[in-house]
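Heads up, the sequence shown is in the numbering used here, so the first residue is 69 and it goes up one at a time. Here is the structure we will look at, set down as structure tokens.
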Amino acid sequence: QTTYGMSERILGAIVGIHGDDRGLILPPSITPIQVIIIPIIFKGKEEIIKNECKKVEKILKNANIRAQVDLRDITPGNKYYDWELKGVPLRIEIGPKEIENKQVMVVRRDNFEKIKVDKKTLVEEIPNILDSISSNMYKIAKDLLDKSIKKFEDIDKAKEFTGIIELPWCGNNDCTLKMEEILDVKTLGIPIEQNQCDKTCPVCKKPAKNWVRLAKTY
């Protein structure tokens, strides 16, 4: 199906499905910044820490990872809040301890897990973590979708359900129109992955061929 309104709807769906109380959670594949690097400044070591952050940024950019250093003159806590709000998938924190240990602290936006990564393995580890974030976001969204779908054989029992309704369907368009009228919903289509349905169409009482999905659309 093609529509000129897809781009805005996709963005709306991403915000609605993946956001949380702290703000956006953007999939790594579409976000302008995949990794934000935060200097943890200590007095007397400002330039050393900033330079180390710039080195890490360069390493990541050379590996085609969209990274940026936040050098604004505000506290690290304010930077965390700001980038969490914007949904950047990964945060890297670098302070004196990380420089001494030749490591960085990586924080995931999707579950806030903290991971210590050796500087020498950044190019291998960061893409793996971004892939893990994508997989986890997909699983959360898929689980949410699956929980919103419910099968009914009796059309009257489906009237109070507010999610996606699946009903047995004989294949006749007149029956889907009647379902829409009774339930005040729109037909979404037939799930690609499903097998044939061995139930009875609730409208005409003939043998059903498929499960059809219906829901309110906005």
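The beta carbon of each residue, even a glycine, is placed where N, CA and C say it ideally should be. Computed from a predicted structure; not experimentally measured.
Grab me the residues of residue i's own chain with a C-beta within less than 7 Å of its C-beta, minus the 5 sequence neighbours each way, in chain order.
i, result
"residue 126", "none"
"residue 109", "117"
"residue 122", "137"
Which of the three DSSP states is assigned to residue i in this structure?
i, result
"residue 150", "helix"
"residue 185", "strand"
"residue 39", "The displayed coordinates of the chain run from 69 to 286. Any statement about residue 39 would go beyond what the structure contains."
"residue 139", "coil"
"residue 195", "helix"
"residue 125", "helix"
"residue 236", "strand"
"residue 100", "coil"
"residue 95", "coil"
"residue 317", "Since the first residue of the chain shown is 69 and the last is 286, residue 317 is not available in this structure."
"residue 201", "helix"
"residue 260", "coil"
"residue 105", "strand"
"residue 266", "coil"
"residue 179", "coil"
Taking 8 Å as the threshold (C-beta atoms), are residue j and residue i in contact?
i, j, result
"residue 192", "residue 173", "no"
"residue 273", "residue 236", "no"
"residue 256", "residue 194", "no"
"residue 178", "residue 197", "no"
"residue 184", "residue 170", "no"
"residue 164", "residue 113", "yes"
"residue 96", "residue 157", "yes"
"residue 213", "residue 254", "no"
"residue 278", "residue 258", "yes"
"residue 149", "residue 159", "no"
Is the closest heavy atom of the ligand SAH to the C-beta of residue i under 7 Å?
i, result
"residue 172", "Because no ligand of any kind appears in the structure shown, any question about the ligand SAH cannot be addressed here."
Would you mind reading off the limits of the beta strand (DSSP E) that contains residue i?
i, result
"residue 282", "278 to 283"
"residue 255", "254 to 257"
"residue 161", "158 to 162"
"residue 171", "171 to 176"
Going by DSSP, what residue range makes up the alpha helix (DSSP H) through residue i?
i, result
"residue 85", "74 to 86"
"residue 113", "It is not in any alpha helix (DSSP H) - residue 113 carries neither H nor E in the DSSP assignment."
"residue 250", "241 to 251"
If I measure Cβ to Cβ from residue i and keep anything under 6 Å in the same chain, skipping five residues before and after, which residues do I get?
i, result
"residue 120", "162 and 167"
For residue i, I'd like the list of residues in its chain whose CB is within less than 8 Å of its CB, leaving aside the five on either flank, ordered along the chain.
i, result
"residue 221", "235, 236, 267, 268 and 270"
"residue 209", "85 and 86"
Under 8 Å, Cβ to Cβ, is there at least one residue of chain D near residue i?
i, result
"residue 143", "The structure shown has no chain D; it contains just one protein chain."
Open item on the list: Could you check whether the region 94 to 113 touches the region 124 to 139, counting it as contact only if at least three pairs of C-beta atoms, one from each stretch, sit closer than 8 Å?
Closed with: Under the Cβ criterion (8 Å, minimum of three pairs), the region 94 to 113 counts as touching the region 124 to 139.
TODO: Evaluate the contact criterion for the region 143 to 161 versus the region 83 to 103: three or more CB pairs, one atom per stretch, below 8 Å.
DONE: In short, these stretches touch, since the Cβ pair count reaches three.
Open item on the list: Taking contact to mean 3 or more Cβ pairs, one atom from each stretch, closer than 8 Å, check whether the region 245 to 252 and the region 200 to 210 are in contact.
Closed with: Flag = no, the region 245 to 252 and the region 200 to 210 do not touch.
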